[in-house]
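Notes follow the structure.
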Amino acid sequence: MLDKFKEAKQLELDSLRKDFVEGRIPGVYQGERPSFVEAIKAKGPGAIIAEFKPASPSKGVLRENANPLDFADDYAKNGAAAISVLTEHKYFGGHPDYLFMMSQAGVPLLRKDFIFDPLQVAMTASSPASAVLLIARMCDDVKHLQQLIGIARMPGLAPVVEIFDQADLDMAREAGADIIQVNNRDLDTLETTLDQARNFIKQKKDGELWICASGVNERSEVEEMAGLGFDAILVGTSLMQAENPGEKLAELTGAK
1 MLDKFKEAKQ LELDSLRKDF VEGRIPGVYQ GERPSFVEAI KAKGPGAIIA
51 EFKPASPSKG VLRENANPLD FADDYAKNGA AAISVLTEHK YFGGHPDYLF
101 MMSQAGVPLL RKDFIFDPLQ VAMTASSPAS AVLLIARMCD DVKHLQQLIG
151 IARMPGLAPV VEIFDQADLD MAREAGADII QVNNRDLDTL ETTLDQARNF
201 IKQKKDGELW ICASGVNERS EVEEMAGLGF DAILVGTSLM QAENPGEKLA
251 ELTGAK
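Counting from 1, one number per residue, gives the positions in the sequence shown under the UniProt record's numbering.
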């Protein structure tokens, strides 16, 4: 599955490299970049990272004509600590411009895409994103991941390293990651189980910030994950499919 996603990014990478060679990579974003980590700590444990993704590989189109501006406002008003913004187009219906559109809500943004090249991190730094997702197993080795983490931190981006198994966690820590995102989805079957999060959280160390991603749909599950030690829970599909996303978010945060 990840190989398929990596392949889909090739045209974008070829374009970025051409731009780089010809001196057209934009500079670092000069506007406000609210702290992703502080926002989660302020509302955690169990802070909600509300995701905007018009589609997904497992479920297809989640919401027709989804307006990122409306979602950003709804998420900000209903207690999201941060917003995860899908920028991958082919499988998730996203676009990098959504980062600029959704930044108006004033909530820290996590850029979620298949990022494995330094130029992709540099492009993220030219946007209002506060954090960038790095998937451990999309990197060739520890040095590769370490390089991406370092490039992200230079302009003030928080590198969120996603893991699926023990080898990923070991690699993330060796590379210097301090924000760990546990993905509960099986990449082969696309099924989710919270047992993944329940097992991995036992290894959380002092000084680390942990995020539970995929498979959380109800307030009771948010409370369980928070009780186990997760600082934040990333929720996407159930919000995108809700009749009223703002109300669903308020329910998940416990405000309703």
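Glycine residues also receive a C-beta, built at the ideal position from the N, C-alpha and C atoms.
Q. At what residues does the alpha helix (DSSP H) containing asparagine 199 begin and finish?
A. Mapped onto the sequence shown, residue 199 falls at position 199. Asparagine 199: member of the alpha helix (DSSP H) spanning 195-200, first to last residue.
Q. Are the stretch 44-63 and the stretch 244-254 touching, with three or more C-beta to C-beta distances below 8 Å?
A. Output reads yes: the stretch 244-254 touches the stretch 44-63.
Q) Which one of Ala125, Val107, Gly106, Pro108 has the shortest CA to CA distance from isoleucine 115? A) Walking along the sequence shown from the start, residue 115 turns up at place 115. Distances from the CA of isoleucine 115 to each of Ala125, Val107, Gly106, Pro108 were compared; the closest alpha carbon is that of Ala125.
Q: Could you pull out every residue in the same chain whose Cβ sits closer than 6 Å to the Cβ of proline 118, ignoring the five residues on either side in sequence?
A: As a position in the sequence shown, residue 118 is number 118, starting the count at 1. Closer than 6 Å at Cβ, skipping near neighbours: Ile151.
Q. So, do the stretch 99-107 and the stretch 8-18 have three or more beta carbon pairs nearer to each other than 8 Å?
A. The stretch 99-107 is not in contact with the stretch 8-18.
Q.
For the structure I just gave you, are there three or more beta carbon pairs, one from the stretch 71-86 and one from the stretch 138-148, closer than 8 Å?
A. Touching, no, given that fewer than three Cβ pairs across the two stretches are closer than 8 Å.
Q) Using DSSP with H/G/I as helix, E/B as strand and the rest coil, what is lysine 59? A) Numbered from 1 along the sequence shown, position 59 holds the residue referred to as residue 59. The answer is coil: DSSP assigns lysine 59 none of H, G, I, E or B.
Q.
Quick check on the burial criterion: 16 or more other C-beta atoms within 10 angstroms. Buried or exposed for lysine 9?
A. Here residue 9 corresponds to residue number 9 of the sequence shown, with the count starting at 1. Buried: at least 16 other Cβ atoms inside 10 Å.
**Q.** Beta carbon of alanine 131 nearer than 7 Å to that of valine 160
**A.** Against the sequence shown, residue 131 aligns to sequence position 131. Against the sequence shown, residue 160 aligns to sequence position 160. Taking 7 Å as the cut-off, the beta carbon of alanine 131 is found closer than this to the beta carbon of valine 160.
(Q) Classify methionine 154: buried if its beta carbon has 16 or more other beta carbons within 10 angstroms, exposed otherwise. (A) Start at 1 with the first residue of the sequence shown, and residue 154 comes out as number 154. Methionine 154 is exposed by the Cβ-count criterion.
Q) Is the stretch 133-140 close to the stretch 157-173, with three or more CB pairs under 8 Å? A) Contact between the stretch 133-140 and the stretch 157-173 is present: three or more C-beta pairs spanning the two stretches fall below 8 Å.
Q) So what's proline 159 in DSSP terms, helix, strand or just coil? A) The residue you call residue 159 lines up with position 159 of the sequence shown. DSSP, reduced to helix, strand and coil, places proline 159 within a strand of the structure shown.
Q) Are alanine 81 and alanine 55 closer than 7 Å when you measure CB to CB? A) The residue given as residue 81 occupies position 81 in the sequence shown. The residue given as residue 55 occupies position 55 in the sequence shown. No; because the gap between Cβ atoms is not below 7 Å, this pair is not in contact.
Q. Can you tell me the Cα-Cα spacing of leucine 86 and arginine 173, whole angstroms?
A. Looking up residue 86 in the sequence shown gives position 86. Looking up residue 173 in the sequence shown gives position 173. In this structure, the straight-line span from the alpha carbon of leucine 86 to that of arginine 173 is close to 25 Å.
Q: Following the continuous alpha helix (DSSP H) through alanine 250, name the residue where it begins and the one where it ends.
A: Mapped onto the sequence shown, residue 250 falls at position 250. Unbroken alpha helix (DSSP H) run through alanine 250: 245-253.
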